[in-house]
Amino acid sequence: MSAAALRARYLGDAVATASPQQLLVMLYDRLALDLERAEAALITGDRPEAGNQLQHAQEIVLELQASLRVDIWDGGPRLAALYAWLLTELIAANVKGDVRRIADCRRIVEPLRDAWREAAASLASAPA
Numbered sequence: 000m001s002a003a004a005l006r007a008r009y010l011g012d013a014v015a016t017a018s019p020q021q022l023l024v025m026l027y028d029r030l031a032l033d034l035e036r037a038e039a040a041l042i043t044g045d046r047p048e049a050g051n052q053l054q055h056a057q058e059i060v061l062e063l064q065a066s067l068r069v070d071i072w073d074g075g076p077r078l079a080a081l082y083a084w085l086l087t088e089l090i091a092a093n094v095k096g097d098v099r100r101i102a103d104c105r106r107i108v109e110p111l112r113d114a115w116r117e118a119a120a121s122l123a124s125a126p127a
């Protein structure tokens with residue numbers, strides 16, 4: 000089996016066996032990576048690669064939006080508004096090739112990712 004096939008199998012197994020909290024952290028991890036890659040691509044002048052990364056980041060934000068249950072958490076509407084802002088900024092960054100907008104999104108996404116990671120770890124270590 001090739002290295003790519005093994006990696007794909009591992010990732011598939013990891014996603015299939017992950018808890019909802021772990022899946023959320025995985026999405027945030029990939030979103031942060033997409034933003035980092037898009038920013039680096041724009042800095043080096045690779046607009047097509049930046050576009051690919053930003054489009055993938057948009058897909059993740061759309062998934063986060065779709066999975067958010069605003070009716071069961073009082074912070075839900077604020078997080079939904081933040082996701083809408085992120086989506087607008089990512090689209091504008093892609094259209095205009097704007098590194099600053101990507102950096103602004105990273106400043107929001109990375110602390111959120113870290114907070115979700117801590118929350119998931121707390122839930123995993125809590126007694127059942």
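Quick note: the sequence shown uses our numbering, first residue 0, plus one each step.
For every residue, glycine included, the Cβ atom is placed at its ideal position computed from N, Cα and C.
Check	Outcome
Delimiting residues of the alpha helix (DSSP H) encompassing Asp28	19-42
Meets three-Cβ-pair contact criterion under 8 Å: the stretch 98-106 and the stretch 29-44	yes
Supposed close pair Val60, Tyr27 - CB separation, criterion 8 Å	Rounded, the Cβ-Cβ distance is 10 Å, inconsistent with contact.
Per-residue burial, Arg112 [other beta carbons within 10 Å of its own, 16 or more giving buried]	buried
Whole-angstrom distance between Glu58 and Met0, CA atom to CA atom	30 Å
Within-9 Å CB hit, Glu38 to chain D	Although the question refers to chain D, the structure presented lacks it and comprises just one protein chain.
C-alpha gap between Val108 and Val24, whole angstroms	11 Å
Within 9 Å, strictly: CB atoms of Arg46 and Ala39	no
The alpha helix (DSSP H) enclosing Ile71, as first and last residue numbers	Ile71 -> no alpha helix (DSSP H), and no H or E assigned at all.
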